[in-house]
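Written out below as structure tokens is the structure these notes cover.
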Amino acid sequence: QQPLTLKSKTNVSSVMYQRMVVVEIEGNRWVFPVDEIFTVQRFHANELLDAPAVISNATYTYTKWIINWQDKKVNYLDDELLFYTLNRKIT
Numbered sequence: 175q176q177p178l179t180l181k182s183k184t185n186v187s188s189v190m191y192q193r194m195v196v197v198e199i200e201g202n203r204w205v206f207p208v209d210e211i212f213t214v215q216r217f218h219a220n221e222l223l224d225a226p227a228v229i230s231n232a233t234y235t236y237t238k239w240i241i242n243w244q245d246k247k248v249n250y251l252d253d254e255l256l257f258y259t260l261n262r263k264i265t
């Protein structure tokens, strides 16, 4: 597979490969394309923030919490609901 290329920047590789992440839950494997992959991160319960009302009051939402990570707000997904929905969609 041909790598994607980016415009050169100082000290930055101009080659970018497409990435996939594999998740196994309850014996089922799922493969998703991803833009970026970081290491597994662990958070204490006191670091989990309530999702904003606009998200938590939505008809369909997979966001369970919000986490501050590297000066960004990241959605912490409800894995049980997400994989339940995926399983229902393919059966």
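Position one of the sequence shown corresponds to residue 175 (the working numbering), numbered consecutively onward.
Each residue gets a CB set at the ideal place from its N, CA and C atoms; glycine is no exception.
Note that this is a predicted model, so its numbers are computed, not measured.
When you compare each of the options to residue i by their alpha carbons, which one comes out closest?
i      : options                        : result
Leu222 : Arg216, Val196, Thr233, Ile240 : Ile240
Val205 : Arg262, Gln244, Phe257         : Phe257
Glu210 : Val197, Gln192, His218         : Gln192
Tyr236 : Asp252, Ala227, Ala219, Ile264 : Asp252
Phe212 : Val228, His218, Gln244, Glu254 : Gln244
Please list, in chain order, all residues of the same chain as residue i whose beta carbon is under 6 Å from its beta carbon, the five residues on each side excluded.
i      : result
Tyr250 : Lys238, Trp239, Ile241
Val208 : Arg193, Val195
In whole angstroms, what separates the C-alpha of residue i from that of residue j?
i      : j      : result
Thr259 : Val248 : 21 Å
Ala232 : Asn261 : 22 Å
Val214 : Glu254 : 18 Å
So, is residue i buried or exposed, given that buried needs 16 or more other C-beta atoms within 10 angstroms?
i      : result
Ala225 : buried
> Which whole runs of the beta strand (DSSP E) in the region 202 to 258 are 3 residues long or more, in chain order?
Replying inline: Fully enclosed beta strand (DSSP E) runs of 3 or longer: 202 to 208, 237 to 243, 246 to 251.
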